[in-house]
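A.B. asks: Chains as they are written, first to last, in my numbering: chain A, 1 to 220; chain B, 1001 to 1220; chain C, 2001 to 2237; chain D, 3001 to 3237. Here a beta-carbon is modelled for each residue, glycine too, at the ideal position from N, C-alpha and C.
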Amino acid sequence: MKSRLDEQTIALRAAREFADGAVVNLGYGMPGLCANFIPEGRTVYFQSENGMLGYGSLAADAEKDYEMINASDQPVTPLPGMSFFDSGIAFDMIRGGHIDVVVLGAYQVSENGDLANWGRPGRGATGMGGGMDLAVGAKRVIVTMLHTTKEGEPRIVKNCTYPLTARQCVNLIITDLAVIEVAERGLILKETAPGWTAPEIQDLTEAKLTPDKDLKEIEL
Amino acid sequence: MKSRLDEQTIALRAAREFADGAVVNLGYGMPGLCANFIPEGRTVYFQSENGMLGYGSLAADAEKDYEMINASDQPVTPLPGMSFFDSGIAFDMIRGGHIDVVVLGAYQVSENGDLANWGRPGRGATGMGGGMDLAVGAKRVIVTMLHTTKEGEPRIVKNCTYPLTARQCVNLIITDLAVIEVAERGLILKETAPGWTAPEIQDLTEAKLTPDKDLKEIEL
Amino acid sequence: MAVNKLFPNADKAVSDVFDGATIMIGGFGSYGGLPINLIVALAKQGANDLTVIANMGGVGLELSSRIKPGGYQDHGILFKNGQVKKFIGSVPALGGMPPTSPLEKLYNEGKVEMETVPQGTLAERIRCGAGGLGGFYTRAGVGTVVAKGKETKIINGKEYIFELPLYADFALIKAHKADTLGNLVYRKTARCFNPVMAMAAKTTIVEVDEVVPVGQLDPEAIITPHVYVHRIVEARR
Amino acid sequence: MAVNKLFPNADKAVSDVFDGATIMIGGFGSYGGLPINLIVALAKQGANDLTVIANMGGVGLELSSRIKPGGYQDHGILFKNGQVKKFIGSVPALGGMPPTSPLEKLYNEGKVEMETVPQGTLAERIRCGAGGLGGFYTRAGVGTVVAKGKETKIINGKEYIFELPLYADFALIKAHKADTLGNLVYRKTARCFNPVMAMAAKTTIVEVDEVVPVGQLDPEAIITPHVYVHRIVEARR
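1. On a Cα-Cα basis, can you pick out the residue from 1141(B), 1099(B), 1189(B) that is closest to residue 1105(B)?
2. Using only the alpha-carbon positions, how far apart do residue 208(A) and residue 197(A) sit?
3. What's the call for residue 3272(D), buried or exposed, on a 16-neighbour Cβ count within 10 Å?
4. According to the neighbour-count rule (16 or more other Cβ atoms, all chains shown, within 10 Å of its Cβ), is residue 2018(C) buried or exposed?
5. Below 8 Å between beta carbons: does that hold for residue 3120(D) and residue 1133(B)?
6. So, are the CB atoms of residue 2093(C) and residue 2060(C) less than 8 Å apart?
7. In its own chain, which residues sit with a C-beta less than 7 Å from the C-beta of residue 2009(C), not counting the 5 before and 5 after it?
8. Going by DSSP, what residues sit across from residue 2135(C) in a beta bridge?
9. What residues from the segment 2193–2208 of chain C come within 7 Å of chain D, judged by C-beta to C-beta, listed N to C?
10. Assign residue 115(A) to buried or exposed, taking buried as 16 or more other Cβ atoms, counted over all protein chains shown, within 10 Å of its Cβ.
11. Under 7 Å Cβ-Cβ, which residues of chain E neighbour residue 80(A)?
12. Please classify residue 145(A): is it buried, with 16 or more other beta-carbons within 10 angstroms of its beta-carbon, or exposed?
13. Can you tell which of 1172(B), 1118(B), 1182(B), 1174(B) has its C-alpha closest to the C-alpha of residue 3144(D)?
14. Got a sec: which bits of the segment 2064–2082 of chain C sit with their beta carbon under 8 Å from any beta carbon on chain D, in order along the chain?
15. Residue 2013(C) CB to nearest chain A CB: under 8 Å?
16. Helix, strand or coil for residue 2223(C) per DSSP?
17. Note down, in chain order, every chain D residue with its Cβ under 7 Å from the Cβ of residue 83(A).
18. Specify the secondary structure class of residue 1110(B) as computed by DSSP and reduced to three states.
19. What did DSSP end up calling residue 136(A) once you bin it into helix, strand or coil?
20. Please state the DSSP three-state secondary structure of residue 1063(B).
21. Span of the alpha helix (DSSP H) holding residue 3197(D)?
22. Just to confirm, are residue 3204(D) and residue 3228(D) a CB contact at a threshold of 8 Å?
23. Does the Cβ-Cβ distance between residue 68(A) and residue 2189(C) come in under 8 Å?
24. Does DSSP put residue 55(A) in a helix, in a strand, or in coil?
25. Among 2164(C), 2141(C), 2168(C), which residue has its Cα nearest to the Cα of residue 2158(C)?
26. With respect to the alpha helix (DSSP H) encompassing residue 3120(D), which residues constitute its N-terminal and C-terminal limits?
27. Report buried or exposed for residue 191(A), applying the criterion of at least 16 other Cβ atoms within 10 angstroms of its Cβ.
28. Measure the beta-carbon distance from residue 1156(B) to residue 1180(B) and round it to whole angstroms, keeping in mind my assumption that it falls under 8 Å.
29. Chain D beta carbons: is any one of them nearer than 8 Å to that of residue 1069(B)?
30. I'd like to know whether the C-beta atoms of residue 166(A) and residue 136(A) end up nearer to each other than 8 Å.
31. Could you spell out where the alpha helix (DSSP H) holding residue 3104(D) opens and where it closes?
32. Residue 1111(B) and residue 1158(B) look like a contact to me (Cβ under 8 Å); what is the Cβ gap, rounded to whole Å?
33. Please check the pair residue 1138(B) and residue 1025(B), which I expect to be a contact at CB under 8 Å, by giving their CB distance rounded to whole angstroms.
34. Using a beta-carbon distance below 8 Å, is residue 1092(B) in contact with chain C?
35. Quick check on DSSP: helix, strand or coil for residue 1194(B)?
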């Protein structure tokens, strides 16, 4: 049976990439959900560009403190050992190479790992936020996004047509259909959503995908 | 009776320049003494480039805390409302224009206000410390120094021969012999030490001094 | 004793903001850390042709309930009122919201200038201004529209963009507590852009939850030393 | 759980410092804030050809009693041992002291390279490195020997000098307390260069008066977040 992953499941799959002890920044929107899916037995330190290190999961309604939000404006919960700092220091930490993994949303990713995640036609006033700093500063960039637009257009493209966030910065793409590694030799299809074949996914992808020798279904 | 001011008295005279509410940085050596001579009824906030704002007088022996020192390595006393910060922020404050007055020592000052206060022949390893930042960042630069070298050579010169700290930065010079303003039209002799005449002071000064129309003896 | 920095209310604290002034507005953009009382007072005061520097453009009262139940006033009101000539920030409008924020509407009508700056570059440009520096090189934005028209430099084999400092005539910021001298502490992520902006303005006006006597704040935990703070308003929200 | 950052003693914490390494040494230069135990351990460990970045050059044990009764060991010992190839700092030697500090003697014998940097520029170059930036422009040093060989730029009608970032392989720093994760707080002016250096090194080694359990430090008052700290030694002095 063919199915597409929902946002929660994409976030869960992305969170599997967080090594024990990793410092992780979660971008605006869907990536924020990853805070709820840290793999059992691992400790992950979430950094937020509004000046916070070491927060916990998203806050339940009863405990929401709007002076303790992630970069997506969502209240989060405190953890022992956390700290607060200003935006200047937050970005020193980001550009200075102390973020092991950043998870970002995207409108488009190109076959060489270019990222476009902040502007789209007809919305000239949206901004890049901290995405450009995170894309050049983090050691590893994971993109979570839907594989195609609402109109069915591919988001994984030969060349980005939307305004760029950074060039050649993406390491891994996780969509509702696939897990794709951005390698020297191009895009490697590593995992597929349940019931989907490599050719079916290639059909919805403008850039060329090379199926991995160990291609498998996403295990959840 | 002719006398030269001692270091304490030079510091006392310099401290008279601190307006009520002023933020003041005291350079290495003699300027540090100014902390003990705040004029009655005025509040002065001493900033120190090692990361402190709002300290009090020099500490007496019994209360010396070597983790609470001014930039001259002298323990100072705490005051309510003081704060500590790192060296980066300390110099943001300095270069950013938040120091109303800095008092610096000097080897030489030139007639156009050039300052040389960190290097001298035979001592190639001494350094400028925070002097260059203070000289360009503070709103007003007061120099306290002895009028001549041990050998009797003038320290107020036409052109500095010692390595410069900054060009055209000095506003007021206070020596053991005189108070001299650095004005657009040159050096103005404003006050003399008790018993000294303008020509006698000019004899010990290489640069030309113009006696002020209100020239007077330093009142202490 | 030095100047009394305490103002009786937000209206008095912003009364001399002049037409054409550059205003930094603290916070991250949404409720926490935003100097809401000062913003509302500035909207009432009516100064025009402002240049506003803020991380986000504000969503406006209508959309704000999507961020916080019940909604709240933000600096969207300054755009709605037509008080703003130019916006400088990293998120003028949120892509995840409908295009109906006051700033986005104004922008689409061609009625406001806009300079979009990566968020880290924004923070650093403000800090650079605060620190009396002349500019800096960053890798953020290399190869993108942000690099357009800017000097670039290869440093240690990598390409960097030159960025200039930012300053303001007034900074409106939000802190948790001030002592009467003007020393500030913040609360949780409501710190964000407030401390850097406080350092970069000629006149920094802060709204706080509570004013405390001098000596009540831990000298080791003061985030903004009092030399950076010119006016204090205690304002509940 | 993540790595254990606690080291049993200073010797173990500096055991892998390699010949030719660049070492930042925190503090202001004199007793307060100086990581004395780590310095002494490094002197014992014996790594050579070091580049040392520190605000001051250290006065050495003999002169140190002029600063603090009884004296103390400082990084002068590294120069005395001949372990240092190059020094970068703002006060290699104090003009108010006799020219007998280990660094000054070595310098006068032509046995050590030296780069003298204005103190604010030193702090900013370290912060610049820590923040992943490529360099900055400052007015400190314009028209002086510091400007020699450096690019200058006129910005808003004023002359600035271009300065490059500084990095280190190891930073030896002193804090007051660490929690076991590596979050740090400092004490009074012993803060100084420690927090900026902690951020600019590949491996940051801290000596603290006390290690406390996670959760004991106020999240609002933590000065150095744990991502910057790699090794912790509790060491009384």
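C.D. replies: To lay it out plainly:
1. 1141(B)
2. 15 Å
3. Nothing can be reported for residue 3272(D): it is not among the residues displayed for chain D, which extend from 3001 to 3237.
4. exposed
5. yes
6. no
7. 2233
8. 3137(D)
9. none
10. buried
11. In the displayed structure, chain E is absent; the protein chains listed are A, B, C and D.
12. buried
13. 1118(B)
14. none
15. no
16. coil
17. 3183, 3219, 3222, 3225
18. strand
19. helix
20. helix
21. 3194–3198
22. yes
23. yes
24. strand
25. 2141(C)
26. 3119–3130
27. buried
28. 7 Å
29. yes
30. yes
31. 3102–3108
32. 6 Å
33. 7 Å
34. yes
35. coil
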